[in-house]
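If you count by this note's numbering, then the sequence shown holds residues 167 to 909, one letter each, in order.
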Amino acid sequence: MKANRFLSFIASIAALTFATTACEEEKEDLGAPSVELGQSEVSFDQTGGETTVTLTATRDWKATTEQDWIAIDPREGDASSKAVTIEIKVNENTGLDREGAVKFDIGFDSKTLTIKQKGTGSVEDMIVYKNNFDKEKAVKGTSGWKTYLDSFDGWRNETGTGISSVTYASNGITARTNDKYNSSSSASDYEGSGMNYLWFAKEPYFIVKKISLPASRNYTLSFGAERNEYSESGDIDNTFKHDEFKVYVSNDGSKWVEIKYSFPNGDKNKRWDLASSTFTVPEGTSTLYLYFMSTKASVYCFDDLTLSISDKEGTLIDFSKGVDLGTGGGETPEPGEMTISQVLNAPKGTAAIVSGTVAATYQRGFIITDGTDYLLVYDGSKCAAKEKDNVKVTGTTSEYGGLIQLASPEVAVVSSGNALALPSPKALDAAAFDAYSSSKIEYISYEGTLTVSGNYVNVEVAGATKHTGSLAYINDSFNAKSFDGAVVKVTGFYVGLASNNKYVNTMVTELVPGGSDYLTVSATALSASADATTATFDVKANVAWTVTSDNSAYTVEPASGNGNATVTVKFAANTEETSKVVNLTVSTTAEVATKSYTVTLTHRGKGGSQGGAEVVASVEKDYLAKNKSGKLDDVISYENDTDYGDNTVTELRVYKGQNLTIKAADGYTITKVEFTCTKDCGVKQGFYTTSPVSVDSGASSESTGSGKVGTVTVSGNTSTVKYTASEQQMRVVKLTVTYKSIN
């Protein structure tokens with residue numbers, strides 16, 4: 167009996183062993199640990215919903231997420247060579263666009279699924295106005311901070327959906343920088359932008375006018391601020407005082423409502439922090455004005471001003487209860503029509519309307535004359551008016567460099583190509599240059615050695631020890647860099663002394679080789695459409711010269727001269743299919759550096775509606791670094807709004823918020839633009855496919871990116887392609903443009 171039981175036990179053990187061995191032999195070999203997702207990203211609209219993704223994991227897996235609005239089913243599973251289906255659900259999104267993630271982990275490896283959901287808009291969409299005041303670094307002069315807001319525009323770095331009509335008014339405020347104590351330093355309790363901040367000095371106020379509001383009624387206003395009153399002993403209490411620093415809002419700039427604000431951690435002693443106030447405006451409010459003032463001079467610092475849409479209601483604003491804040495508090499007084507002579511003799515701060523003819527321009531403004539005198543119009547941005555335009559200017563007078571000017575103007579061009587007679591320039595030798603000073607704009611000339619340092623173009627007059635010529639914001643068309651190290655003759659308008667009266671600021675009208683006879687031409691390649699009947703170029707000379715044409719059907723006027731002149735080439739329209747090429751020879755018998763120039767005119771043929779073969783033009787890094795604006799050939803040019811300030815550049819830079827515009831000559835259309843950048847597309851310094859691109863009406867564009875090359879492909883005809891660096895700055899080391907003729 168015992169023997170039978172023993173034999174049965176042995177048989178059971180054997181059977182179990184066999185069964186176990188058989189199971190082990192049948193178990194699937196899944197190989198090395200791995201986890202793979204069928205896709206890396208899913209997107210949902212604002213209403214939410216569900217979708218599925220596939221997962222293949224060769225080891226047991228778990229799914230985790232830190233977002234409570236994301237649901238996962240199942241959240242774990244066994245190892246398998248077969249894909250499993252995972253259900254992803256998200257809730258309705260009542261807030262901003264959002265992004266989350268689900269991590270699938272097997273211990274040895276993991277994969278992440280990115281989940282994006284639309285909301286009421288992106289963070290950028292919610293920003294109506296934002297300014298970190300960091301467009302260009304403020305620099306302290308030898309006589310102190312002279313970077314007042316009406317004479318230095320390096321603080322104008324506004325972005326947002328509501329800035330199209332924004333203007334400013336201010337008094338007693340300078341843009342400054344102090345790396346040890348700015349809003350991003352160790353003296354700050356928030357992540358400030360650093361670099362520039364605004365210093366509220368004597369009788370200070372700062373007004374942001376005409377912010378365009380969307381349909382929303384709820385807004386949050388925030389700004390960085392610090393109380394920093396100087397005390398020689400250092401024992402002064404610098405706790406922020408709200409009754410000294412006041413904030414107001416208005417819907418029309420005439421009556422103001424004070425708003426209360428607070429800091430997240432209370433009022434600090436000599437510490438930067440970010441103040442905020444949430445408020446609700448009445449239904450139908452379309453415009454907002456902001457007003458900041460300090461009742462105590464030279465105490466408060468200000469930075470990082472932002473107005474954004476809020477997702478909650480705040481203090482209800484009743485504009486009918488607004489008060490008049492007096493001088494500087496409201497809108498600029500209603501301006502009156504005045505002559506330039508009257509403007510120059512009126513008190514500073516006078517609102518005026520002036521009409522006149524543009525006598526000269528530079529990159530940040532222009533000079534007008536009405537026959538009574540000359541007046542500088544400083545708008546702090548790229549000058550829209552052209553020489554010989556008749557304009558009507560509305561603005562308020564201020565003083566810079568000892569001269570009266572109109573700042574923050576509104577300019578209307580009435581007509582173009584008007585007659586303009588400039589006076590004979592006052593010639594300044596070394597002694598006269600050192601002694602030079604004037605209380606008003608004068609037309610002057612001087613000779614010296616030109617030097618280029620960054621964006622600064624100066625002229626050292628031999629024998630002068632007190633003054634240096636400064637070719638302020640000189641237009642790119644003068645190609646000042648080509649004269650670097652050479653003796654030049656400068657003719658232009660005196661627009662004030664700068665930097666402790668060292669620099670004689672000059673708005674240039676003519677820049678030519680100095681010290682000897684000269685002959686130059688403005689272009690050696692001209693292009694005309696088939697229907698065109700004229701083309702022009704400029705001759706600059708102080709010697710006798712002639713112009714001849716190798717085609718009698720193309721005549722020139724004047725055919726000779728002994729000074730500066732604009733040469734007009736006259737011809738009939740080209741009715742043939744092919745282009746005509748004409749050579750014009752400009753020459754002199756005088757002893758000059760270049761005695762003869764050939765100007766080639768290409769008079770395009772009728773061709774087809776879309777022209778012939780495409781042409782590809784490009785420029786490389788070295789050219790782009792030296793020419794912020796320039797030409798790829800005689801058809802394609804580019805203009806860059808960016809002001810580099812003191813920065814030394816090794817490529818073409820388009821700073822955030824600025825524009826790079828590619829232009830084609832008449833009769834041509836751009837089909838493609840390629841930007842080769844220092845970084846990959848979608849990374850700071852690279853091309854962003856989401857940044858706005860503007861083309862001519864009737865055309866459209868598509869932006870794509872691969873590696874460091876961003877491409878804009880155009881459908882339809884366009885003579886311009888404008889890229890706006892809305893995301894981050896772009897740095898270009900090669901610019902390639904494809905174009906073709908359209909007639």
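Note that the Cβ used here is the ideal one computed from N, Cα and C, for glycine as well.
Remember, predicted model here, so these are calculated numbers, not experimental data.
- In this structure, Asn259 sits near Gln283, with a CB-CB distance shorter than 7 Å.
- Around the beta carbon of Glu324, 16 or more other beta carbons sit within 10 angstroms, so the residue counts as buried.
- Restricted to the segment 348-403, the beta strand (DSSP E) segments that are unbroken, complete and at least 3 residues in length are 362-378, 384-393, listed in chain order.
- Per DSSP, reduced to three states, the secondary structure at Ile506 is helical.
- A residue is called buried once 16 or more other Cβ atoms fall within 10 Å of its Cβ, and Val489, having fewer, is exposed.
- With fewer than 16 other CB atoms across the displayed protein chains lying within 10 angstroms of its CB, Gly204 is exposed.
- For Leu767, the enclosing beta strand (DSSP E) stretches over residues 762-769.
- Following the DSSP letters along the chain, one finds Phe599 inside the alpha helix (DSSP H) bounded by residues 596-601.
- Straight across, the Cα-Cα distance linking Ser276 with Trp235 is about 22 Å.
- Residue range 787-792 is occupied by the alpha helix (DSSP H) that includes Leu790.
- When C-alpha distances from Ser636 are compared across Asn671, Ser643, Ser611, the shortest belongs to Asn671.
- The Cβ atoms of Val543 and Leu572 sit closer than 7 Å to each other.
- With respect to Thr220, Lys269 sits apart: the two C-beta atoms are not nearer than 7 Å.
- About 18 Å separates the CB atoms of Val674 and Val687; that is not less than 8 Å, and the two are not in contact.
- Taking a 10 Å sphere around the C-beta of Ser715, we find 16 or more other C-beta atoms and assign the residue as buried.
- A distance below 8 Å between beta-carbons, with the five flanking residues on each side excluded, links Ser590 to the following residues of its chain, in chain order: Tyr609.
- Asp439 is bridged by DSSP to Ala391.
- Between the alpha carbons of Ala701 and Glu723 lies a gap of roughly 11 Å.
- With a cutoff of 7 Å on beta-carbon distance, Phe841 and Gly876 are scored as near each other.
- Contact check for Ser885 against Ser866 fails: the beta carbons are separated by 7 Å or more.
- Cβ contact annotation for Thr538 (same chain, cutoff 7 Å, sequence separation greater than five): Thr505, Ile506, Ser507, in chain order.
- In the three-state reduction of the DSSP assignment, Asp291 falls in the helix class, which pools H, G and I.
- The C-beta separation of Ala341 from Phe299 comes to about 6 Å, placing the pair in contact by the 8 Å criterion.
- Using a Cβ distance threshold of 7 Å, Gly307 and Ser665 count as a contacting pair.
- Apart from sequence neighbours up to five positions away, the residues of its chain that approach Gly680 with a beta-carbon distance below 7 Å are Glu613, Val653, Val654, Lys655, ordered along the chain.
- The C-beta distance from Leu364 to Trp321 rounds to 7 Å, short enough to meet the 8 Å contact threshold.
- Per DSSP, Ala526 is one residue of the beta strand (DSSP E) stretching across 517-528.
- Here Val524 really is in contact with Lys554; their C-beta atoms are around 6 Å apart, less than 8 Å.
- Under the Cβ criterion (8 Å, minimum of three pairs), the segment 421-441 does not count as touching the segment 373-384.
- At least 7 Å separates the beta-carbon of Glu817 from that of Ser857.
- Judged by DSSP in its simplified three-state form, Ala691 adopts strand.
- For Lys558, the uninterrupted beta strand (DSSP E) run begins and ends at 556-566, by DSSP.
- When secondary structure is reduced to three states using DSSP, Ser857 falls in the coil class, being assigned neither helix nor strand.
- The way I'd put it, the segment 461-472 doesn't touch the segment 514-530; fewer than three beta-carbon pairs between them come closer than 8 Å.
- DSSP places Leu588 outside any beta strand (DSSP E), giving it a letter other than H or E.
- In summary, Gly873 is exposed, with fewer than 16 beta-carbon neighbours lying within 10 Å of its beta-carbon over all protein chains present.
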